[in-house]
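If you read the sequences in order, they're chains G and W.
Just so we're aligned: the first sequence equals residues 2 to 116 in my numbering.
Just so we're aligned: the second sequence equals residues 1070 to 1306 in my numbering.
Don't be surprised by glycine CBs; every beta carbon is placed ideally from N, CA and C.
Because the structure is a prediction, the values reported are computed rather than measured.
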Amino acid sequence: MNARGETLLWLVQRASAAVLAFCVLVHLATIIVAVQGGLSAAEILGRTRGNVAGLVFYTTFVIAAAVHAPIGLRATLGEWLGWRGASRDVALVLFAALLAGLGLRAVAGVFGGAA
Amino acid sequence: MASLRVKVWRGAAQGAFQRFEVPRHESQTVLDVITYIQRHLDASLAYRFACRVGMCGSCAMTVNGVARWTCRTHVDAVAEGGALEVAPLGHLPVIRDLVTDMAPFFDKWARARGQFQGARSRHDDFARIAPDDPDRRQVDAGIECIGCGVCYAACDLVAWNPAYLGPAALNRAWTLACDARDVGNRERLRAVGGDAGCHACHTQMGCTERCPKKLSPTAGIAGLKRALAHAALKGTL
Chain G
2 MNARGETLLW LVQRASAAVL AFCVLVHLAT IIVAVQGGLS AAEILGRTRG NVAGLVFYTT
62 FVIAAAVHAP IGLRATLGEW LGWRGASRDV ALVLFAALLA GLGLRAVAGV FGGAA
Chain W
1070 MASLRVKVWR GAAQGAFQRF EVPRHESQTV LDVITYIQRH LDASLAYRFA CRVGMCGSCA
1130 MTVNGVARWT CRTHVDAVAE GGALEVAPLG HLPVIRDLVT DMAPFFDKWA RARGQFQGAR
1190 SRHDDFARIA PDDPDRRQVD AGIECIGCGV CYAACDLVAW NPAYLGPAAL NRAWTLACDA
1250 RDVGNRERLR AVGGDAGCHA CHTQMGCTER CPKKLSPTAG IAGLKRALAH AALKGTL
């Protein structure tokens, strides 16, 4: 990959890291606050289903993770396994799609449907 | 007289440590120790030095597992229990004993476009750059590199990614990127971006910790990342 492509990947990874830092903090704070009084799975789903703000937040979270992790893994694969070149990038695009697919499926399960 | 137990690498890629007993002196440097061995104990020992005062960058070796310039490293500071182990500088091919082949190191300076590229001739006026110019200050911060290779040997990335240009070459590129007189920046930024360039750096700062001149190649590498980001977003890369 040329210098421009590598630079854009680096920028995207830094930007997605900033999004993830915010999302992780909100996610952890929400968990800690929400379970203070004790919540069943049914009660949690009752609150999340149809919650548009939650849907937007966790969709953003999943997309940021799906973008961030493969770029980091790209360097790790190159340094640890010596795997570089187009085959590595194709594999990581598929890995990103897998992460996004699984994550968005979970988001749809928790936030989709009527309240 | 007190003595120092010294193990010195003999051979090339394959070889073994040879033991010597060297008289201990006050204010003795590691280079003094190696010189004593070569002059009094084994004249066949190969090592490299020139200025002996921290200017030429030729005497770097691995001393008790750490890359150091040997001419300015006092035995007092590094000997562990009266013992020294001296090996050639890491991450470079060994020619013989303590002498490494520095060609891969300096080839990477060339690949990082470490050559000054000016546009003025001798008939033009001097470029006038104020001492407090921000870019000039960036150049000043990195320009005193003596090319000793200590940062290169201290960098884990060089071992993990043999194509990685390394801290010294990138530091050199950064000093030129900040030089208002240089006109080769577009090609230089293209050369230092990517998997073998500044983006490979994990900011572990081994180079900055070990640089005997107290430079910060890490800061230069961060500067190159910023310059590349601006160029990529402006479409000038």
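Run through chain G and tell me which residues come within less than 7 Å of W:Gly1262, C-beta to C-beta.
Ala4, Glu7, Thr8
Any beta carbon of chain W sitting closer than 8 Å to that of G:Leu74?
no
Between W:Thr1287 and the rest of its own chain, which residues show a CB-CB distance below 8 Å, the 5 nearest in sequence each way excluded?
For W:Thr1287, where only same-chain residues beyond five positions count, the Cβ hits under 8 Å are Pro1236, Cys1270, Thr1272, Met1274, Cys1276, Thr1277.
Report, in whole angstroms, the separation of the C-beta atoms of G:Ala65 and G:Leu21, which I expect to be a contact under 8 Å.
5 Å
CB G:Val68 to CB G:Ala87, shorter than 8 Å?
no
Are three or more beta carbon pairs between the segment 48-67 of chain G and the segment 1191-1209 of chain W nearer than 8 Å?
no
G:Ala116: buried (16+ other C-beta within 10 angstroms of its C-beta) or exposed?
Residue placement at G:Ala116 is flagged as unreliable, the pLDDT there being 45, under the threshold of 50; a coordinate-derived value is accordingly withheld.
Contact set for W:Asp1251: own chain, Cβ-Cβ below 7 Å, skip 5 residues either direction
Here the set comprises Phe1185, Gln1186, Gly1187, Leu1245.
Could you spell out the range, first to last residue, of the alpha helix (DSSP H) harbouring G:Phe58?
53-77
Quick check on the burial criterion: 16 or more other C-beta atoms within 10 angstroms. Buried or exposed for W:His1109?
exposed
C-alpha distance - W:Ile1290 paired with W:Ala1222, whole-angstrom precision:
17 Å
Which same chain residues, not among the five before or five after G:Ala101, have their C-beta less than 8 Å away from its C-beta?
Val63, Ile64, Ala67
Do W:Thr1131 and W:Pro1173 have their beta-carbon atoms positioned less than 8 Å apart in this structure?
no
Simplified DSSP assignment, three categories, for W:Glu1213:
W:Glu1213 falls in the coil class under three-state DSSP.
Hey, out of W:Val1075, W:Gln1207, W:Leu1226, whose CA is closest to W:His1160's CA?
W:Leu1226
Enumerate in chain order the residues of its own chain whose CB-to-CB distance from W:Thr1169 is below 7 Å, with the five nearest sequence positions on each side excluded.
Pro1157, Leu1158, Leu1161, Pro1162, Val1163
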